[in-house]
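In the working numbering, the protein residues as written are -15 to 87.
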């Protein structure tokens, strides 16, 4: 499987859908479904029954998954594509707009 261009903890910008132009931090990445969870984006309401973990139950607001193609990496406040480059014997992510190494 190919390496993911977006990782947990990255700041991203939504480029398509109902939450277009919103920015947030990636909470989790699902490689299998090619989706990401972004903080405060694609909020959905969930009705939860009372349980041991959630004594109260009720309506919960949480983030829903967004397709990876609908988010773009933010580098120094600007949305940019991500590429890969070999740095010696190590593969690193590179911001296409500036050519700088991300991590």
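Glycine included, each C-beta is placed from N, C-alpha and C at the ideal position.
Return helix, strand or coil for residue i, following the three-state DSSP convention.
i          : result
residue 11 : strand
residue 30 : strand
residue 69 : strand
residue 82 : coil
residue 64 : strand
Could you check where the beta strand (DSSP E) with residue i kicks off and where it finishes?
i          : result
residue 74 : 74 to 79
residue 19 : 19 to 22
residue -3 : -5 to -2
Return the residue from the list the options that minimises the CA-CA distance to residue i.
i          : options        : result
residue 33 : 44, 25, 23, 26 : 44
residue 60 : 31, 14, 85     : 85
residue 28 : 11, 37, 46     : 46
Whole beta strand (DSSP E) runs in the stretch 34 to 61 with 3 or more residues, listed along the chain? If one requires a minimum length of 3 residues, the beta strand (DSSP E) runs lying completely within the stretch 34 to 61 are 42 to 47, 55 to 59, in chain order.
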